[in-house]
Amino acid sequence: MSLKQNDSELHSLILQERKRQADVLELIASENYVSDEVLEALGSVLTNKYAEGYPHKRYYAGNEIVDQIEDLAIARTKAAFHLPDDWHVNVQPYSGSPMNLEVYAALLSPGDTVMAMNLDHGGHLTHGSPVNFSGKQYKFVHYGVSPKSHKLDYEEIAKMADKVRPKLILSGFTAYPREIDFKRFKEIAQDVNAVSMADISHIGGLVAAGVHASPIPFFDVVTTTTHKTLRGPRGGLIMCKEKHAVAIDKAVFPGMQGGPHENAIASMAVAMKEVNTAAFRKYAEQVVKNSKALAKSLMDFGFKLVSGGSDNHMLIMDLTNKNIGGKQAQDLLDSAGIVTNRSMIPFDTRKPWDPSGIRIGTPAVTSRGMKEKDMSKIASWITAVITEPLVAPKVKDEIKKFTKNFPAPGL
Ligand SMILES: *Cc1c(COP(=O)(O)O)cnc(C)c1O
Numbered sequence: 001m002s003l004k005q006n007d008s009e010l011h012s013l014i015l016q017e018r019k020r021q022a023d024v025l026e027l028i029a030s031e032n033y034v035s036d037e038v039l040e041a042l043g044s045v046l047t048n049k050y051a052e053g054y055p056h057k058r059y060y061a062g063n064e065i066v067d068q069i070e071d072l073a074i075a076r077t078k079a080a081f082h083l084p085d086d087w088h089v090n091v092q093p094y095s096g097s098p099m100n101l102e103v104y105a106a107l108l109s110p111g112d113t114v115m116a117m118n119l120d121h122g123g124h125l126t127h128g129s130p131v132n133f134s135g136k137q138y139k140f141v142h143y144g145v146s147p148k149s150h151k152l153d154y155e156e157i158a159k160m161a162d163k164v165r166p167k168l169i170l171s172g173f174t175a176y177p178r179e180i181d182f183k184r185f186k187e188i189a190q191d192v193n194a195v196s197m198a199d200i201s202h203i204g205g206l207v208a209a210g211v212h213a214s215p216i217p218f219f220d221v222v223t224t225t226t227h228k229t230l231r232g233p234r235g236g237l238i239m240c241k242e243k244h245a246v247a248i249d250k251a252v253f254p255g256m257q258g259g260p261h262e263n264a265i266a267s268m269a270v271a272m273k274e275v276n277t278a279a280f281r282k283y284a285e286q287v288v289k290n291s292k293a294l295a296k297s298l299m300d301f302g303f304k305l306v307s308g309g310s311d312n313h314m315l316i317m318d319l320t321n322k323n324i325g326g327k328q329a330q331d332l333l334d335s336a337g338i339v340t341n342r343s344m345i346p347f348d349t350r351k352p353w354d355p356s357g358i359r360i361g362t363p364a365v366t367s368r369g370m371k372e373k374d375m376s377k378i379a380s381w382i383t384a385v386i387t388e389p390l391v392a393p394k395v396k397d398e399i400k401k402f403t404k405n406f407p408a409p410g411l
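Following full-length UniProt numbering, the numbering of the sequence shown begins with 1 at its first residue and continues without gaps.
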């Protein structure tokens with residue numbers, strides 16, 4: 001209200017962005033629509049409070065209420081992920097990237113060897129990219145997917161682990177459309193005495209809902225962002241076995257961060273309560289059903305998908321047989337109100353700025369209530385735009401009308 005009166009410039013920009021989010025098909029696999037309640041907590045007076053330290057052990061006065069809020073966020077996270085009693089949670093990471101670096105800082109020394117997924121095959125920047133702090137500070141050795149199936153080849157990963165003897169093995173990806181066999185990863189790590197870490201940032205909501213295998217309780221450390229399938233505020237969570245708790249808490253604060261964002265932590269508590277409901281489990285199931293339906297429709301329209309399908313919330317279109325690059329396809333789809341992001345495909349011969357793939361995810365459209373039959377409609381729009389670019393404005397109009405039937409949470 002007061003933004004409208006006192007800062008109309010910014011107010012107008014927020015309204016424009018809200019309208020954009022309402023009018024498009026949001027298919028970026030890492031995005032979602034949070035609830036009004038998540039937004040309300042995030043925009044609350046909790047942003048005013050400094051609370052360096054942990055609940056009941058703070059460096060500033062006046063934390064008696066904030067302590068209860070952070071305790072609640074921790075308790076609700078434990079409930080949402082069904083954590084065993086000997087697991088510990090840190091809800092303070094500002095986002096996914098600091099969260100991962102904090103785990104490394106807690107458990108590794110500079111120069112230690114870490115195994116993680118090749119970035120071109122679906123790993124994240126914080127999994128040892130040479131331009132990221134992780135890649136500069138530690139010796140990352142990357143495994144990839146099989147050249148034939150484009151799925152993880154656990155035999156190869158085990159062989160590599162035996163050869164390089166990593167201190168830590170990281171599983172968890174930013175662009176991998178298949179289910180991960182965490183049990184197998186744990187065996188591989190155990191065989192070479194490595195710490196097992198899973199970064200479930202993308203699939204956090206699916207894991208909590210029980211529609212994807214969980215690395216809990218047998219992994220040592222599990223990290224996740226809270227703003228992707230978990231449908232919470234931007235932030236990160238570190239869950240670990242009690243024996244790593246002290247090192248991890250110290251690495252987060254004072255190791256890497258100062259005052260925690262208690263407004264985000266409160267908002268996380270709201271999201272975790274939502275996650276631990278039958279309605280959310282149904283939502284997560286539908287996310288996967290929609291992804292499989294969209295994958296099937298796109299393949300029926302003649303598109304190639306990395307690994308030939310999807311087990312989770314995302315799929316990766318391989319455009320090499322379509323005579324169009326990922327950047328051009330992304331821009332073209334965007335001009336038609338279909339929002340995606342370009343992506344490398346395994347063994348890509350093009351560069352990251354203009355790779356051969358498009359990554360597509362169903363979490364956001366499923367939050368709007370879309371179902372399988374809507375996915376075939378989306379597939380036909382994607383096909384129309386990529387094969388006949390001139391239809392983009394017409395498709396954009398159709399999508400604007402179509403999305404009106406599916407009000408998004410929080411808008
Ligand atoms: C999104 C993501 C992150 C990082 O999250 P940010 O909040 O963008 O820093 C880390 N790891 C994986 C696997 C991710 O998908």
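Every residue, glycine too, gets a C-beta built ideally from N, C-alpha and C.
- For Tyr154, the uninterrupted alpha helix (DSSP H) segment begins and ends at Tyr154 to Val164.
- As the crow flies, the alpha-carbon of Ala198 is around 23 Å from that of Pro147.
- Sixteen is the threshold: since fewer than 16 other Cβ atoms of the shown chains lie within 10 Å of the Cβ of Asn405, the residue is exposed.
- As the crow flies, the alpha-carbon of Arg368 is around 11 Å from that of Val24.
- Under the three-state reduction of DSSP, Ala105 is assigned to helix.
- Boundaries of the alpha helix (DSSP H) harbouring Gly205: Gly204 to Ala209, taken from the DSSP string.
- Exposure of Ile65 is indicated by the presence of fewer than 16 other C-beta atoms within 10 angstroms of its C-beta.
- Relative to the Cα of Pro363, the nearest Cα in the group Met375, Gly337 and Lys228 belongs to Lys228.
- Between Asp220 and Ser201, the gap from beta carbon to beta carbon reaches 8 Å or more.
- For Trp87, the enclosing beta strand (DSSP E) has its first and last residue at Trp87 to Asn90.
- Here Leu305 carries a strand assignment [DSSP, helix/strand/coil].
- Cβ atoms of Tyr138 and Asp120 stay farther apart than 8 Å, at about 19 Å.
- Every unbroken stretch of the beta strand (DSSP E) spanning 3 or more residues and falling wholly within the stretch 225-250 is given here in chain order: 236-241.
- Each of Met239, Arg342, Gly255 and Asp249 was checked against the Cα of Thr77, and the nearest Cα belongs to Met239.
- The criterion of a C-beta distance shorter than 8 Å is not satisfied by Gly122 and Thr47.
- If you keep only unbroken beta strand (DSSP E) runs of at least 3 residues inside the stretch 31-79, you get nothing at all.
- The beta carbons of Ser307 and Lys151 sit about 5 Å from each other, so the pair counts as a contact at 8 Å.
- According to the DSSP secondary-structure assignment, Leu168 is paired through a beta bridge with Val114 and Val195.
- When secondary structure is reduced to three states using DSSP, Tyr143 falls in the strand class.
- Cβ contact annotation for Val339 (same chain, cutoff 7 Å, sequence separation greater than five): Val24, Leu25, Glu26, Leu27 and Ile28, in chain order.
- Cβ contact annotation for Gln286 (same chain, cutoff 6 Å, sequence separation greater than five): Thr366, in chain order.
- Note on geometry: alpha-carbon atoms of Ala278 and Arg234 lie some 23 Å from one another.
- For Asn276, the secondary structure class from DSSP, reduced to helix, strand or coil, is coil.
- Taking the Cβ of Gly172 as the reference point, at least one heavy atom of ligand 1 falls within a distance shorter than 7 Å.
- Scanning Ile180, Leu411 and Val91 for the CA closest to the CA of Val145 turns up Ile180.
- Secondary structure of Thr223 (DSSP, three-state): strand.
- Arg368 carries a coil assignment under DSSP once its states are collapsed to helix, strand and coil.
- The C-alpha of Asp71 is placed about 19 Å away from the C-alpha of Ala251.
- Taken through DSSP and simplified to helix, strand or coil, Leu315 comes out as strand.
- Segment contact: the stretch 253-266 against the stretch 330-350, fewer than three CB-CB distances shorter than 8 Å; contact not assigned.
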